[in-house]
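Residue numbers (the numbering used here), protein chains in the order written: chain A, 271 to 405; chain B, 271 to 405. A virtual CB, placed ideally from N, CA and C, is assigned to each residue, including glycine. Predicted, not measured: the structure shown is a model, and the values here were computed from it. Worksheet: one structure, shown below.
2 protein chains.
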Amino acid sequence: MTAKEMAAALCERGVRPTPQRLAVYEFLCMHPIHPSADTVYEAVVEHNPHFSRTTVYNSLRALMQAGLVQELSMDADEKHYDANTSLHGHFHCRHCGSITDFPLEPTMVQSLTPTGYTALGQGIYLSGLCPACQP
Amino acid sequence: MTAKEMAAALCERGVRPTPQRLAVYEFLCMHPIHPSADTVYEAVVEHNPHFSRTTVYNSLRALMQAGLVQELSMDADEKHYDANTSLHGHFHCRHCGSITDFPLEPTMVQSLTPTGYTALGQGIYLSGLCPACQP
DNA sequence: TTTTTAGTTTGTAATGATTACAAATATATA
DNA sequence: TATATATTTGTAATCATTACAAACTAAAAA
């Protein structure tokens, strides 16, 4: 996705494409590593030394409310952010620490849902060893 | 599970069954509501006004390390605790706020795991409407 | 039983992520 | 250009959790 397309994506969702919001969104799109707010801040402040931590939180909230970014609660210590808003799960490697997406079909979520319940959202987290870290 | 059985469970796992740890474990077993540390504290301090918040955290950590209690990261704002250590998922009702367990088969987790990965743990969270809150 | 030792609890202080807030700045509209 | 609105910024506050050291308890040794 080009910078122009990202700006268009924000406009479409009613989010004014300020340079700061674009920087946050661009970083999330270009680095699908599911960073924490602080990791995003460290990255964007490199290019703009005046960037405020609060602006990162504000931007993440705006992007989330617009449905452009997803918030992950993998560990309860800090939140992680993901610009991939399609249905997918997250695998956390206990060895190298990486967090990778994996595909998830709507039918799989449906088959997990107990009868009588209506699932509107999901968080599917697996942890273990990624292919590069197999013993 | 009786109080005696709970004490025995701690001993088996090498956790000294102090009154404080038993109070925490007993509350978790008798109230499968997936409480936060603070909810546990509020409950146990009722019976022992000298109970310290730190002791709740210490006890929860000891019970967790012994494999008697599970830590949940449903929302990233606070951790929740569960004395049910068998394989299961969690459903969070957006209307009434309840968190309920639902069954999960090892084969279901296996079928989610992408090839090349080894899953050692999982957190399967669904959110939506529970049976009592259907529209 | 007394002494010693290790483990546990407690209260307070520190930490760290996140949010609240108000002033400063930028953008859009009239 | 003037005016209203939205956004950014820095600082201070909040809140869950952890660190720490003193007080306490219980188990082991003498």
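Q: With DSSP as the reference, label A:Tyr387 as helix, strand or coil.
A: coil
Q) Looking only at its own chain, which residues have a Cβ that is under 8 angstroms from the Cβ of A:Ser306, when we skip the five neighbours before and after it? A) Glu348, Lys349, His350 and Tyr351
Q: Identify the continuous beta strand (DSSP E) that holds A:His358 and give its terminal residues.
A: His358 to Cys363
Q) Can you name the start and end residues of the alpha helix (DSSP H) that A:Pro302 belongs to? A) Run containing A:Pro302: none; DSSP gives neither H nor E here.
Q.
At 3 residues or longer, what runs of the beta strand (DSSP E) sit wholly inside the segment 312-359 of chain B?
A. 340-342 and 350-352
Q | A:Tyr395 - partner residues in DSSP beta bridges | A | A:His360 and B:Gly393
Q. Taking buried to mean at least 16 other C-beta atoms within 10 Å of its own C-beta, is A:Ser368 buried or exposed?
A. exposed
Q. In its own chain, which residues sit with a C-beta less than 8 angstroms from the C-beta of B:Ala279, not counting the 5 before and 5 after it?
A. Met271, Tyr295 and Leu338
Q. Thinking C-beta only, is A:Pro287 closer than 7 angstroms to A:Ala277?
A. yes
(Q) What does the alpha-carbon distance come out to for the pair A:Arg323 and B:Leu374? (A) 40 angstroms
Q. What is the DSSP secondary structure of B:Thr377, counted as helix, strand or coil?
A. helix
Q) Identify the residues that DSSP records as bridge partners of B:Thr370: which are they? A) B:Phe361
Q.
Short of 7 angstroms Cβ to Cβ, which residues in the segment 382-399 of chain A face chain B?
A. Leu382, Thr383, Pro384, Gly386, Tyr387, Thr388, Ala389, Leu390, Gly391, Gln392, Gly393, Ile394, Tyr395, Leu396, Ser397, Gly398 and Leu399
(Q) I need the boundaries of the alpha helix (DSSP H) containing B:Ala277, first residue and last residue. (A) Ala273 to Glu282
Q: Since I believe A:Leu399 is in contact with B:Tyr387 (beta carbons under 8 angstroms), could you give me their beta-carbon distance rounded to a whole number of angstroms?
A: 7 angstroms
Q: Compile a chain-ordered list of the residues in the segment 276-306 of chain B whose CB is closer than 8 angstroms to at least one CB of chain A.
A: none
Q) Are there 16 or more other CB atoms within 10 angstroms of the CB of B:Leu298, so buried, or fewer, so exposed? A) buried
Q: Find the residues of chain A that neighbour B:Ala346, judging by a C-beta separation of less than 9 angstroms, and give them in chain order.
A: Glu341, Leu342, Ser343, Met344, Asp345, Ala346, Asp347, Glu348, Lys349 and His350
**Q.** Euclidean distance between Cα positions of A:His304 and B:His362
**A.** 23 angstroms
Q. Would DSSP call A:Cys403 helix, strand or coil?
A. helix
Q. From A:Phe372 to B:Glu275, what distance separates their C-alpha atoms?
A. 41 angstroms
(Q) Helix, strand or coil for A:Val285? Go by DSSP, reduced to three states. (A) coil
Q. Just checking my contact of A:Gly391 with B:Leu382 at CB under 8 angstroms: how many whole Å lie between their CB atoms?
A. With 8 angstroms as the limit, A:Gly391 and B:Leu382 do not qualify as a contact, their Cβ atoms being about 17 angstroms apart.
Q. Looking at C-alpha atoms only, which residue of B:Glu316, B:Val314 and B:Leu357 is the closest neighbour of B:Pro376?
A. B:Leu357
Q. Who are the Cβ neighbours of A:Ala313 in its own chain at under 8 angstroms, not counting the five residues just before and after it?
A. Phe297, His301 and Pro305
(Q) Within a Cβ cutoff of 8 angstroms, which residues of the same chain sit near B:Val310, ignoring the five residues on either side of it in sequence? (A) Val294, Phe297, Leu298, Val326, Leu330 and Tyr351
Q: Just mark B:Gln340 as buried or exposed, buried being the case when its beta carbon has 16 or more other beta carbons within 10 Å.
A: buried
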